[in-house]
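To start, the structure under review is shown below, and the notes come after it.
Residue numbers (this note's numbering): 491 to 671.
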């Protein structure tokens, strides 16, 4: 296990390259935060963990080696407990926590996962800077027309503030590794 890399893994590099190409700037492996998140975007208040499915016990894979089975089961359970503890500590400190699983970065589902990650970052930015995100289900078209300079009259979408907006600050992509819904 000494040869297993704990940072700069292929899944981490995929996420980091995507974020950098999209203009996001981040810090890697910030030791001052609980759990040493793989990627930290301070202006967004987001800590991203890129977890390997085997090491962090992702149920999609569910593979446990046959040799020394009890050791691996205990180790993976301890890793999962530590992950929960670290995420709770980050949330208490005011951070949004995003977990990206290795299986979600397979070529068949990678693009969708990265787009969802970017949507989470946008939502976190709006929340952190006092803006409300209008979810798609809260939009309705009014029958009234409004005139704007250099625009023809048209129906405009209005936000229905009577509908609830989910205020969850923990994003975890729950999708199987095959990419099928």
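C-beta: ideal position from N, C-alpha, C; glycine also.
Computed from a predicted structure; not experimentally measured.
In whole angstroms, what is the alpha-carbon distance linking residue i and residue j?
i           : j           : result
residue 511 : residue 518 : 16 Å
residue 598 : residue 587 : 24 Å
residue 547 : residue 540 : 13 Å
residue 573 : residue 565 : 12 Å
residue 603 : residue 504 : 11 Å
residue 601 : residue 549 : 22 Å
residue 583 : residue 567 : 25 Å
residue 645 : residue 533 : Low per-residue confidence applies at residue 645: pLDDT is 42, beneath 50, and the placement is therefore not dependable enough to give any value.
residue 499 : residue 609 : 23 Å
residue 559 : residue 570 : 17 Å
residue 557 : residue 618 : 47 Å
Given residue i, which residues of its chain have a CB within under 7 Å of its CB, disregarding the five upstream and five downstream residues?
i           : result
residue 576 : 524, 525
residue 530 : 516, 517, 520, 523, 537
residue 592 : 501, 541, 542, 543
Under 8 Å, do residue i and residue j count as touching if we go by C-beta distance?
i           : j           : result
residue 501 : residue 595 : yes
residue 611 : residue 508 : no
residue 585 : residue 535 : yes
residue 554 : residue 562 : yes
Can you tell me where the alpha helix (DSSP H) holding residue i begins and where it ends?
i           : result
residue 523 : Unbroken run through residue 523: none, as it is neither H nor E.
Which residue comes first and which comes last in the beta strand (DSSP E) that contains residue i?
i           : result
residue 531 : 529–531
residue 499 : Premise fails: residue 499 is in no beta strand (DSSP E) and is neither H nor E.
residue 591 : 586–591
residue 539 : 536–541
Within its chain, find whatever has a CB closer than 8 Å to the CB of residue i; leave out the 5 residues flanking it on each side and keep chain order.
i           : result
residue 590 : 501, 505, 538, 539, 540, 541, 603, 607, 663
residue 578 : none
residue 497 : 518, 519, 528
Which residues in the same chain have their Cβ closer than 6 Å to the Cβ of residue i, if we skip the five residues on either side of it in sequence?
i           : result
residue 639 : Because the pLDDT of residue 639 is 46, which lies under 50, any placement of that residue in the model is unreliable, and the number read from its coordinates should be weighed accordingly. Nothing meets the Cβ criterion.
Taking 8 Å as the threshold (beta carbon to beta carbon), is residue i in contact with chain D?
i           : result
residue 572 : Looking for chain D here will not work: only one protein chain is present.
Task: Unbroken stretches of the alpha helix (DSSP H), 4 residues or longer, contained in the region 550–614 - done: 559–582
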